[in-house]
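Asker: Sharing a structure with you now.
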Amino acid sequence: MTYLRDPAPERHDTSAIWPGSMYPLGPTYDGDGTNFAVYSEVADLVELCLIDPDGSERRIALPETTAFVHHGYMPGVQPGQRYGYRVHGPWSPAQGLVCNPSNFLVDPYTKAVSGHVEWDEALYPADPFDGDVMNDKDSLPFMPHSVVVDDNFDWEGDKPPHVPLHRTVVYETHVRGMTMTHPDVPAGLRGTYAAMASKPILDYLVNLGITAVELMPIHQFVDDHFLVDRGLHNYWGYNTLAFLAPHGAYSSSGDTGQQVTEFKAMVKAFHSAGIEVILDVVYNHTAEGNHLGPMMSLKGFDNGQYYRLSPENRRYYVDFTGTGNSLDMRHVQTLQLMMDSLRYWILEMHVDGFRFDLASTLARGLHDVDRLSSFFDLIHQDPVVNQVKLIAEPWDVGPGGYQVGNFPPLWSEWNAKFRDGVRDFWRGADETLADFASRITGSSDLYAWSGRVPSASINFVTAHDGFTLTDLVSYNEKHNESNGDSNNDGESHNRSWNSGVEGPTHDHTIRTVRNTRKRSILTTLLLSQGVPMLLAGDEIGKTQHGNNNAYCHDSELSWIDWDSADSELHDFTTKLIRMRRDHPIFRRRRWFEGRPIHGDHVTDMGWFQPDGAEMTSDDWAVGYASSLSVFLNGKAITRRGRRGERVVDDDFLMMFNAQGAPLEFSLPVPLSERCWMIDIDTARRVDGSEVVQPGESIPVGPWATVVLRREGNTR
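Here our numbering is used: the sequence shown runs in plain steps of one and ends on residue 1480.
Put into structure tokens, the structure is as follows:
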């Protein structure tokens, strides 16, 4: 087979560079100079390109190749040095070989990136009119630069909080969205890691009761060409360029290495506040797109090694992600890049866990999602990575990609069945009762069979992708016109209900229904078994005005509007999180078993009709049923007090009415011999002093939830 190759590069003076080492990959500063090492199985020659302060470029050929790693050591190269690579090698697009030295490449292992992509035809490796012809226009003027960094940082004895998963409350948030309009964050810091670490933000999260922030992507990412042409941005960040580099635009202090220090300082501040940091990571695809996409990094080093190419025609990419490409986790070098990245973020950046975007893509073998794939083997065997929180988004867009419940032990999953079941119940859909009951008790149908426990379920009703909580109860239809796709993007089946009118209204009755439904949904989320994940801003009534796909809006549409915060909803959410923290019955480590507790005739939990009768199999099958109560037996949870006494948790009775008319609930006979306190009523304010006497009925308003409590015992 004959390949086209670029003309031989000019002879380089290699007297200034030493052979160096093949390990570790990336730039490694040792105090005197920097070792550079990069992998390419197809390259004939790799040029290190040092960028001087005036923007001029010095090219030095890496002098050694060991096991396909091209490496060299440059004495005197210091932190802050900007650099990149050019790769000389075969050009045969039909065979997946696209080496083009006109493309300036970002180091896959760089720990910082300076600048941003400026879209130009030079970024594309092939001639725009003939994909078989190499584009010879230099892309350097339009590309960001890799940066040498110094890893030294004074962690001052930083210790991760190590919050047990069953005690975790996750807060999904965005560095810019969380801080851009906060009135107490200094204007010069807003939108940055330093802003996230500021006292107003930390105090807010601590007072709310959050134990872990899940940051939307902070790996260095790229604004898509088509979005820039529309005057928009890739706000969410699911378009990775460099897997070891914190996004430079989120730094308040500079992007030539300062972003690394600022990110570390943010993590240290979170840990000091007792809050863990979980990263939303995108190892399933990159910003380089398909065969028509740009060449910025991996594609230029070894296209066929890093990406899944079509076996029928290697010009084209296999796409399980809907973004144009899929990283190939069947290849050892791709797996190494991911694992090296994960270990770096744990060991050097001190993060506490990861949420893997479109994780099914990572687990694919030849075609199908494989629970025994190399991806899982490496994760489970790695003594660093297997110690942190691992959360899967258990689906992709490929065939068989929906894998909720099928990830192996050690993993938790975003539970979309919880989302859908809770949404359906609280919009009054038929035939939802049994599924709702399963979801709020931990989804044992999904996880118990594989030996996992309730904390395998990451419960959420809203997330960055989709309606906010306020919009969920205010819109029947998506309203994404501002995205520029004629409202054709985003999910059309949202399981939402606008409560009577589409969008904003001054109608008091509709506003009351919406507020009650929001509080009922939050109560369901935060008092269910499993791990709750709260979308940032839902607790204060954030709206995106019906846009359920705001990925491209780095603007007030996506940012939290702190000036319009609903303080009552915030206080209500805080109360729920405090209840969850104070009462282990809401965060059990094991499944309910439906058995009597400590010789009592009452089981660890029980389901009842509104009239107090125990639910039967026939009751579960009634399609229109939309109301029930669940009893949680505090005797199932015991712990030792400060003096060694045995402390029994309180009992709780939760009453759900997902219909548009009020209902009178009766206490179940086995539970009616004692008084109960009303702790929560989502239809009205309660202060915890109201008592339900034996024999009394409890009014539960339309779309409302009432939570009763009776005190446990200390023995």
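All C-beta atoms in this analysis are idealised placements derived from N, C-alpha and C, irrespective of residue type, glycine included. Quick caveat: nothing in here was measured; it's all calculated off a predicted structure.
Is the beta carbon of alanine 962 sitting closer than 8 Å to the one on alanine 891?
Answerer: For the purposes of this step, residue 962 is identified with residue 197 of the sequence shown, where counting begins at 1. For the purposes of this step, residue 891 is identified with residue 126 of the sequence shown, where counting begins at 1. No, the Cβ-Cβ distance between alanine 962 and alanine 891 is not below 8 Å.
Asker: Give the single residue among Asp1161, Thr1021, Gly1231 whose Cα lies nearest to the Cα of valine 1083.
Answerer: Position 318 of the sequence shown holds residue 1083. Residue Asp1161 holds the alpha-carbon nearest to the alpha-carbon of valine 1083 among Asp1161, Thr1021, Gly1231.
Asker: Can you list, in chain order, the residues of its chain whose CB lies under 6 Å from that of isoleucine 1402, leaving out five sequence neighbours each side?
Answerer: Mapped onto the sequence shown, residue 1402 falls at position 637. These residues qualify, in order along the chain: Pro1349, Ile1350, Asp1414.
Asker: Note the first and the last residue of the continuous alpha helix (DSSP H) segment covering tyrosine 1071.
Answerer: What you label residue 1071 is simply residue 306 of the sequence shown in a count that begins at 1. Its alpha helix (DSSP H) spans residues 1063 to 1071.
Asker: Per the DSSP calculation, tryptophan 783 is bridged to which residue(s)?
Answerer: By one-based count along the sequence shown, residue 783 stands at place 18. Answer is Tyr838.
Asker: Could you tell me whether the Cβ atoms of proline 1011 and glutamine 1024 are closer together than 8 Å?
Answerer: As a first step, residue 1011 must be located in the sequence shown, where it is residue number 246. As a first step, residue 1024 must be located in the sequence shown, where it is residue number 259. In this structure, glutamine 1024 lies closer than 8 Å to proline 1011 by Cβ.
Asker: Taking the alpha carbon of lysine 1489 as the point to measure from, which residue in Leu1057, Leu1397, Arg1073, Glu1053 has its own alpha carbon closest?
Answerer: Nothing can be reported for residue 1489, as the shown portion of the chain is limited to 766 through 1480.
Asker: Around the Cβ of lysine 924, are there at least 16 other Cβ atoms within 10 angstroms (buried) or fewer (exposed)?
Answerer: Numbered from 1 along the sequence shown, position 159 holds the residue referred to as residue 924. The residue in question, lysine 924, is exposed, as its Cβ has fewer than 16 Cβ neighbours within 10 Å.
Asker: Can you tell me whether DSSP reads methionine 1031 as helix, strand or coil?
Answerer: Taking the sequence shown and counting its residues from 1, one reaches residue 1031 at position 266. If DSSP states are grouped into helix, strand and coil, methionine 1031 belongs with the helices.
Asker: Would you mind working out which of Pro1059, Leu1009, Arg1079, Met1061 sits nearest tyrosine 1048, comparing C-alpha positions?
Answerer: Numbered from 1 along the sequence shown, position 283 holds the residue referred to as residue 1048. For tyrosine 1048, the nearest C-alpha among the options comes from Leu1009.
Asker: Going along the chain, which residues of its own chain have a beta-carbon closer than 6 Å to the beta-carbon of glycine 1069, five neighbours each way excluded?
Answerer: As a first step, residue 1069 must be located in the sequence shown, where it is residue number 304. Hits under 6 Å: Gly861.
Asker: Report back the beta-carbon spacing between threonine 1197 and aspartate 1189 to the nearest angstrom; my notes put them in contact at under 8 Å.
Answerer: Locating residue 1197 in the sequence shown gives position 432, where the first residue counts as 1. Locating residue 1189 in the sequence shown gives position 424, where the first residue counts as 1. About 5 Å; that satisfies the 8 Å criterion.
Asker: Using a Cβ-Cβ cut-off of 8 Å (strictly less than) and excluding sequence neighbours within five positions of proline 926, which residues of its own chain qualify?
Answerer: Mapped onto the sequence shown, residue 926 falls at position 161. So the qualifying residues of the chain are Thr976, His1036, Gly1039, Ile1040, Glu1041, Asp1117.
Asker: Which whole-angstrom value is the C-beta distance of tryptophan 1468 and valine 1218, which I expect to be below 8 Å?
Answerer: Counting from 1 along the sequence shown, the entry for residue 1468 is found at position 703. Counting from 1 along the sequence shown, the entry for residue 1218 is found at position 453. Actually they are not in contact, since the Cβ atoms of tryptophan 1468 and valine 1218 sit about 32 Å apart, beyond 8 Å.
Asker: Tell me whether the beta-carbon of leucine 887 lies closer than 8 Å to the beta-carbon of phenylalanine 918.
Answerer: Walking along the sequence shown from the start, residue 887 turns up at place 122. Walking along the sequence shown from the start, residue 918 turns up at place 153. The amino acid at residue 887 is misidentified as leucine; the sequence shows alanine. Taking 8 Å as the Cβ cut-off, alanine 887 and phenylalanine 918 do not qualify as a contacting pair.
Asker: Just verifying my parser: in three-state terms, what is the DSSP assignment at threonine 767?
Answerer: Taking the sequence shown and counting its residues from 1, the one referred to as residue 767 is at position 2. The predicted position of threonine 767 is uncertain, since its pLDDT is 38 and thus under 50; no value can be drawn from it.
Asker: Return the chain-ordered list of same chain residues with a C-beta closer than 8 Å to the C-beta of leucine 1322, the five sequence neighbours on each side being excluded.
Answerer: Numbered from its first residue, the sequence shown carries residue 1322 at position 557. Non-local C-beta neighbours of leucine 1322 in its own chain, meaning closer than 8 Å and more than five positions away in sequence, comprise Ser1247, Gln1309, His1310, Asn1312, Ala1315, ordered along the chain.
Asker: Can you grab the Cα-Cα spacing for the pair proline 855 / arginine 941, in whole Å?
Answerer: One-based indexing of the sequence shown puts residue 855 at position 90. One-based indexing of the sequence shown puts residue 941 at position 176. Rounded to the nearest whole angstrom, the C-alpha separation of proline 855 and arginine 941 is 42 Å.
Asker: Using 8 Å as the cut-off, can you tell me whether the segment 934 to 953 makes contact with the segment 898 to 917, which would need three or more C-beta pairs spanning the two stretches below that distance?
Answerer: no
Asker: Which residues does DSSP list as the beta-bridge partners of glutamate 1410?
Answerer: Taking the first residue of the sequence shown as position 1, residue 1410 is located at position 645. According to DSSP, which records beta bridges pairwise, glutamate 1410 is partnered with nothing at all.
Asker: List the residues that DSSP assigns as beta-bridge partners of glycine 1371.
Answerer: Here residue 1371 corresponds to residue number 606 of the sequence shown, with the count starting at 1. Phe1396.
Asker: Is it buried or exposed, glutamine 843, if we count other Cβ atoms within 10 angstroms and call 16 or more buried?
Answerer: Here residue 843 refers to the residue found at position 78 of the sequence shown. Under this definition glutamine 843 is an exposed residue.
Asker: Is it right to say proline 1201 is buried, meaning 16 or more other beta carbons lie within 10 angstroms of its own, or is it exposed?
Answerer: Start at 1 with the first residue of the sequence shown, and residue 1201 comes out as number 436. The question names proline, but residue 1201 in the sequence shown is phenylalanine. Burial call: buried.
Asker: What residues in its chain sit with their C-beta under 8 Å from that of leucine 970, if we drop five residues either side in the sequence?
Answerer: Locating residue 970 in the sequence shown gives position 205, where the first residue counts as 1. The residues are Tyr936, Val978, Ala1038, Ile1040.
Asker: Using a threshold of 8 Å, state whether the C-beta atoms of glutamate 1158 and tryptophan 1179 are closer than that.
Answerer: Position 393 of the sequence shown, counted from the first residue, corresponds to residue 1158. Position 414 of the sequence shown, counted from the first residue, corresponds to residue 1179. In this structure, tryptophan 1179 lies closer than 8 Å to glutamate 1158 by Cβ.
Asker: Can you give me the C-alpha to C-alpha distance between valine 871 and valine 1395, rounded to a whole angstrom?
Answerer: Working through the sequence shown from its first residue, we reach residue 871 at position 106. Working through the sequence shown from its first residue, we reach residue 1395 at position 630. Distance between the alpha carbons of valine 871 and valine 1395: 56 Å.
Asker: Is the Cβ-Cβ distance between leucine 1006 and threonine 944 less than 8 Å?
Answerer: Translated into the one-based positions of the sequence shown, residue 1006 becomes position 241. Translated into the one-based positions of the sequence shown, residue 944 becomes position 179. Result no, Cβ atoms of leucine 1006 and threonine 944 do not sit closer than 8 Å.
Asker: The beta strand (DSSP E) that contains leucine 827, what's its start and end?
Answerer: Here residue 827 refers to the residue found at position 62 of the sequence shown. For leucine 827, there is no enclosing beta strand (DSSP E), as DSSP marks it with neither H nor E.
Asker: Throw me the rounded Cβ distance for the arginine 847 and phenylalanine 869 pair, which I believe falls under 8 Å.
Answerer: In the sequence shown, counting from the first residue as 1, residue 847 sits at position 82. In the sequence shown, counting from the first residue as 1, residue 869 sits at position 104. Contact flag wrong, Cβ pair sits at about 11 Å.
Asker: Have a look at the DSSP bridge pairing and note the partners of arginine 1474.
Answerer: Taking the sequence shown and counting its residues from 1, one reaches residue 1474 at position 709. Arginine 1474 is bridged to Phe1417, Met1442.
Asker: Is it true that the CB of phenylalanine 1121 sits closer than 8 Å to the CB of leucine 1127?
Answerer: Along the sequence shown, read from residue 1 onward, the residue named residue 1127 stands at position 362. Along the sequence shown, read from residue 1 onward, the residue named residue 1121 stands at position 356. Yes, the Cβ-Cβ distance between leucine 1127 and phenylalanine 1121 is below 8 Å.
Asker: Below 6 Å CB to CB, which residues in the same chain sit around methionine 1249 once its five sequence neighbours on both sides are set aside?
Answerer: Within the sequence shown, residue 1249 is the residue found at index 484, counting from 1. Reading off the sequence shown, one finds glycine at residue 1249, where the question assumed methionine. Result list for glycine 1249: Arg995, in chain order.
Asker: Is the distance from the Cβ of phenylalanine 1430 to the Cβ of valine 1387 below 8 Å?
Answerer: Residue 1430 sits at position 665 when you count from the first residue of the sequence shown. Residue 1387 sits at position 622 when you count from the first residue of the sequence shown. No, the pair does not count as a contact, with Cβ atoms beyond the cut-off.
Asker: Does the segment 1262 to 1269 touch the segment 1161 to 1175, meaning 3 or more C-beta pairs lie closer than 8 Å?
Answerer: Under the Cβ criterion (8 Å, minimum of three pairs), the segment 1161 to 1175 does not count as touching the segment 1262 to 1269.
Asker: Buried or exposed, going by whether 16 or more other CB atoms sit within 10 Å of the CB of glutamine 985?
Answerer: Position 220 of the sequence shown, counted from the start, is the residue given in the question as residue 985. That one is buried.
Asker: Note the first and the last residue of the continuous alpha helix (DSSP H) segment covering alanine 1283.
Answerer: Walking along the sequence shown from the start, residue 1283 turns up at place 518. As written in the sequence, residue 1283 is lysine, which differs from the alanine given in the question. It spans 1273 to 1291 - the alpha helix (DSSP H) in which lysine 1283 sits, taken as one unbroken run.
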